[in-house]
Every structure is written in structure tokens, then in C-alpha cells.
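Residue numbers (the UniProt record's numbering): 1 to 153. Since the structure comes first, as C-alpha cells, the remarks are kept for the end.
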């Protein structure tokens, strides 16, 4: 199932996703990047600079939660349409997030016309591109009635 409001062309879809991400001030503040975006799947990443670490030297849990929330919204929105919101999500922190970059991969498990259930893995990567799983999340993404997507351009 794909949404008629979104482009069919993979490059156009990724370009639109990046425009939507750039329109989110908080995502820009964190330096978030949309690396992969296709129907039912999204991959977001954030560089782990010192400003995103907590007092023990690993990523703050809020950064992990942000990545889960936003990557699941993008994955769900790829099937539901661009005007979506997170209805709820649960996250399990498995280990401290230490590395150069945090990466979240979100996959739609099931989607209807108004909501999608999405599963997400959040990990860190180092200079050698080795990844370590740090958290798991699952959430529900819903369409926003009368939602207007605001993108400059």
C-alpha cells in the first residue's frame, strides 16, 4: 500500500522526506539526517557530539527517544501520507549508546488507512561502521485530520 499524496519515484520520496525533516527545527538542532526513506521504512541518524551526551558520557535517553519517534513517524507517514503524528510509543533501552553516530531504522509492521504500527531499532555506529543495538521501540502512527504540512519552498 502506498499513499497517493507521496511521490512514487524513490529519489523524489527521499527528497520530500529530507525537506520535511529540514522543516523540523528540533531535528535541525540535533543535526538529524534522513539516510533512507522508502514505503514502509525509514532510517534516521544523528551525530553524537558532546552536547548530546549525558553526565556518564553516553547519549542522553532523549536523543534515543527522538530518533525512535521521528523514524517511526517517517516510516508510518510513507504509507499513510505526510500529515501524521505519533499516538504512542514504548521504548526499551538495552545498553548505553556510545559511538560516533546514532542510527534508527523503522519498519511498518501493519498499516491501515488511518494508523500504522511501526517497530524500530536504535543503535550506534563507530568509525569502522560497526553497529551496536542500544534500544528497541514500537509505536502507533496516526493520520492528522485536516493536517497541513508546512514546508518552506
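Yeah, the Cβ is synthetic: ideal placement off N, Cα and C, and Gly gets one too.
Remark: three or more beta-carbon pairs, one from each stretch, lie closer than 8 angstroms, so the region 94-112 and the region 67-74 are flagged as touching. In the displayed model, residue 69 falls within a helix according to three-state DSSP. Where residue 11 is concerned, the enclosing alpha helix (DSSP H) starts and stops at 10-22. Here the alpha carbons of residue 59 and residue 95 stand approximately 10 angstroms from one another. Residue 30 sits in a helix when the DSSP states are folded into three classes. Distance from the CA atom of residue 113 to the CA atom of residue 145, rounded to whole angstroms, is 12 angstroms. Judged by beta-carbon spacing, residue 124 lies beyond the 8 angstroms limit of residue 84, meaning their Cβ atoms are not closer than that value. The residue from 38, 37, 63 with its alpha-carbon nearest to that of residue 49 is 63.
Bounds of the beta strand (DSSP E) holding residue 123 are 115-125. A straight-line Cα-Cα distance of about 31 angstroms links residue 139 and residue 128.
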